[in-house]
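Per my numbering, residue -6 is the first one in the sequence shown, and the count goes up by one each step.
A virtual CB, placed ideally from N, CA and C, is assigned to each residue, including glycine.
Worksheet: the structure to be examined is printed underneath.
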Amino acid sequence: MQLLRRERTAGLRLRFAAQWLDHRQHRRRPRAFRRCGFRQERERAGRRAGAHRHDRRDRLSRSGPCHATEHMMDGDVLALILLLLALSVALNLKLSLHLSKVVDSLSTAARAASMLPVGEPVPAFTGKPLAGGAPVTVGGDGQPAVLLFLSSACPKCRQKLPEIERLAPLARDAGVAIWLVSLEPAWRLRRFLQASSLAGSTLRVAAADYAMLNPVMSSPSYLFISQAGTLDARGMIGDDDWRSFSEQMDEVRIASEASA
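So, in structure tokens, the structure goes:
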């Protein structure tokens, strides 16, 4: 028993001695050899990292054209949508303008149809003199009348004021009532007529009466009402009938001066 125990103890000692020698030999390995091992490990790690970067670059290069194509397709679709929207807006605008013209033409035609026919009686109406005073009724009194329609926003109307101012007293001397008929505010009419003496020959009427007399809102225009109260003529100031009226008034003036 003692012999076996001694042999076992001797074996353990030999094993520990061999392990200690291996450990000493490893520690005594030259430093250059150890550095070489570290260098090899770094080189292997670098190769692995390079391979990883190369694989990633390949994946990006393969996926790059796809992404570029997708972006190009998205841009084309957006451009097409914007083009369609622009065409839709342009078409809607054109249709709206055309519809507006159609409505205006229909409205003008309807107003023209409501114009007083020549030869028919003109209903009497009442207006407020711009110069102040009691309301004045025009029509139904057996006096011929000339009704004038001017607009303060009309340049041609302003150009006609001197001629009208010259004819107004001649018409009164001939027994013809001459009135500027308007529905504009009094302050605007005064500013429009401030350089003339026509404020005493201006009547402000209700919108319904103005629409009855001048439904198409034409200016500078006129109506000639006969002594019987019927409509003799209508037109624009400066046309043939108006020039004929102006010549008649000049003849009255010449005859009056000759008799004097």
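Check: Since I believe Ser194 is in contact with Ile171 (beta carbons under 8 Å), could you give me their beta-carbon distance rounded to a whole number of angstroms?; Outcome: 6 Å
Check: Rounded to the nearest angstrom, what separates Leu88 and Asp243 at their Cα positions?; Outcome: 53 Å
Check: Look at the alpha carbon of Leu186 and the alpha carbon of Ala192, and state the distance between them as a whole number of angstroms.; Outcome: 7 Å
Check: Leaving aside the five residues before and after Arg27 along the sequence, list all residues of the same chain whose C-beta is less than 7 Å from its C-beta, in chain order.; Outcome: In this prediction, Arg27 scores a pLDDT of 47, lower than 50, which makes its location untrustworthy; the coordinate-derived value is nonetheless stated afterwards. If we look at Arg27 and ignore the five residues flanking it on each side, it has no Cβ neighbours.
Check: Could you check the C-alpha separation between Cys147 and Gly135 for me, to the nearest Å?; Outcome: 32 Å
Check: At the level of alpha carbons, what is the spacing between Leu196 and Leu154?; Outcome: 16 Å
Check: How many Å lie between Pro122 and Leu76 at the Cα?; Outcome: 60 Å
Check: Residue range of the alpha helix (DSSP H) that Asp234 falls in?; Outcome: 233 to 252
Check: Could you check what DSSP says for Met108 in three-state terms: helix, strand or coil?; Outcome: coil
Check: Which value, in whole angstroms, describes the spacing of the CA atoms of Pro137 and Asp234?; Outcome: 15 Å
Check: If contact is defined by three or more beta carbon pairs under 8 Å, each pair taking one atom from either stretch, is the region 196 to 209 in contact with the region 116 to 132?; Outcome: yes
Check: Does the Cβ-Cβ distance between Gln241 and Ala161 come in under 9 Å?; Outcome: no
Check: Return the bridge partner residues of Met229 from the DSSP annotation.; Outcome: Ser214
Check: By Cβ distance below 7 Å, which residues in the same chain neighbour Ala226 in space, the five residues on each side in sequence not counted?; Outcome: Val111, Phe217, Asp234
Check: Is Ser81 helix, strand or coil by DSSP?; Outcome: helix
Check: Excluding the 5 residues flanking Val245 on each side, which residues of the same chain have their C-beta closer than 7 Å to its C-beta?; Outcome: Leu163, Asp166, Ala167
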